Amino acid sequence: MSHTQPTEPSRLSEGLDVLKVIGGSAPTPLEALSDIAPDLARYAVEFAYGDLYTRPGLTLPQRQLVTVAALAALGNAEPQLRFHIAGALNVGCTRREVVEVLMHTLVYAGFPAALNGIAAARAVFAEHPAAPGTPDAPGAPEPAAEGASERFARGLRALAEVDGHSGQQVVDSLNDIAPELGRYLVEFVFGDVYQRTGIDLKTREMATIAMCTALGTAGPQLRVHIHGFLNTGGTREEATEVITHLAAYAGFPAALNGITAAREVFAARDAARDAA
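The opening position of the sequence shown corresponds to residue 1 in our numbering, with each subsequent residue numbered one higher.
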């Protein structure tokens, strides 16, 4: 009597299962490929959703926020950004978290990227109204600091918490050529944006790693913020997982360069620990 061995689920079926969780019943951008590049659609399901999304190391909500951060920073993938904003809501992220990640984009990709991201979120939120009584509003305006000295002081505190001495080194390096840029970095980036509520510092740094990796033009800043992610409670495994995830959304060169940056950061931290 023969016994049939259970078959393992295929990458395609696993990917479709994950895609259904993220996208629900909504049509996906992949469906438009069926008449011209069906294999591209299959690769997207098998690799992005069957391989990457099923990896341990990050939760589905974390992966969705990372994807939203990267796509918003890239600024050239509005259909995919809208799909993944909706996907973030479908897997348990709140509107407040999505908005905060998009707000954070303005530091690393500029105001146009943040404004376009917020416009995409507005459209998605209108199509996915929150259930009655759900405390899921994007949030009221946050109180502004009273003056420049207060903003600068709290910016310095946040800068030290996130980046340690390396952040201050960046500010100091601007003193001879663009001291005002250094002041804006402290006051606005860390005194205003990093002080916002809605997501914690670890999530902000995770989003920053995603943005800097996706942009592909911010190697020094990526290294600083990998340090910052580790300083705010992130692990090496989570950092490498964020970068690996972006192979699907920013391309393999961006992911490979990001992993090289992570390797250098880990080696530097190991050397500093051993020398202590």
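Backbone N, C-alpha and C define an ideal beta-carbon position, used for all residues, glycine too. As the structure is a computational prediction, the values presented were derived from the model and not from experiment.
Asked                                                                                                                                                                                     : Found
Kindly indicate which three-state DSSP category R55 falls into: helix, strand or coil?                                                                                                    : coil
Measure how close the beta-carbons of I209 and L230 come, nearest whole angstrom, since I'm counting them as under 8 Å.                                                                   : In fact, because the Cβ distance is near 10 Å, the residues do not count as touching under 8 Å.
Grab the span of the alpha helix (DSSP H) containing H227 for me, first residue to last.                                                                                                  : G219 to N231
If you draw a straight line from the C-alpha of P38 to the C-alpha of T59, how long is it?                                                                                                : 29 Å
Does the stretch 45 to 54 come close enough to the stretch 17 to 32 to have 3 or more Cβ pairs within less than 8 Å?                                                                      : yes
For E97, does the count of other Cβ atoms within 10 angstroms reach 16, so buried, or fall short, so exposed?                                                                             : buried
Identify, in the order they occur along the chain, each residue of the same chain with its Cβ nearer than 6 Å to the Cβ of G155, setting aside the five sequence neighbours on each side. : V186, E187, F190 and G191
Please classify I36 as buried or exposed, where buried requires at least 16 other C-beta atoms within 10 Å of its C-beta.                                                                 : exposed
Count the other CB atoms, across all protein chains shown, that sit within 10 Å of the CB of L102; report buried if there are 16 or more and exposed otherwise.                           : buried
I need the straight-line Cα distance from T137 to R122, nearest angstrom please.                                                                                                          : In the sequence under discussion, the amino acid at residue 137 is Ala, which differs from the Thr named in the question. The alpha-carbon atoms of A137 and R122 are separated by roughly 12 Å.
Between Y43, S25 and G258, which lies nearest to L12 when the distance is taken from Cα to Cα?                                                                                            : Y43
Please say whether H225 and C212 have beta carbons closer to each other than 8 Å?                                                                                                         : yes
F266 to N175, Cα distance in whole Å?                                                                                                                                                     : 29 Å
To the nearest angstrom, how far is it from the Cα of A120 to the Cα of T54?                                                                                                              : 27 Å
To which residues of the same chain is A262 closer than 7 Å at the C-beta, ignoring the five residues directly before and after it?                                                       : I226, A239, T240 and I243
Quick check on the DSSP output: what are the complete alpha helix (DSSP H) runs of length 4 or more inside the stretch 92 to 118, in order along the chain?                               : 95 to 109
Checking 8 Å against the spacing of the C-beta atoms, do L74 and A214 come in under that value?                                                                                           : yes
Would the beta-carbon of R204 fall within 8 Å of that of Y194?                                                                                                                            : yes
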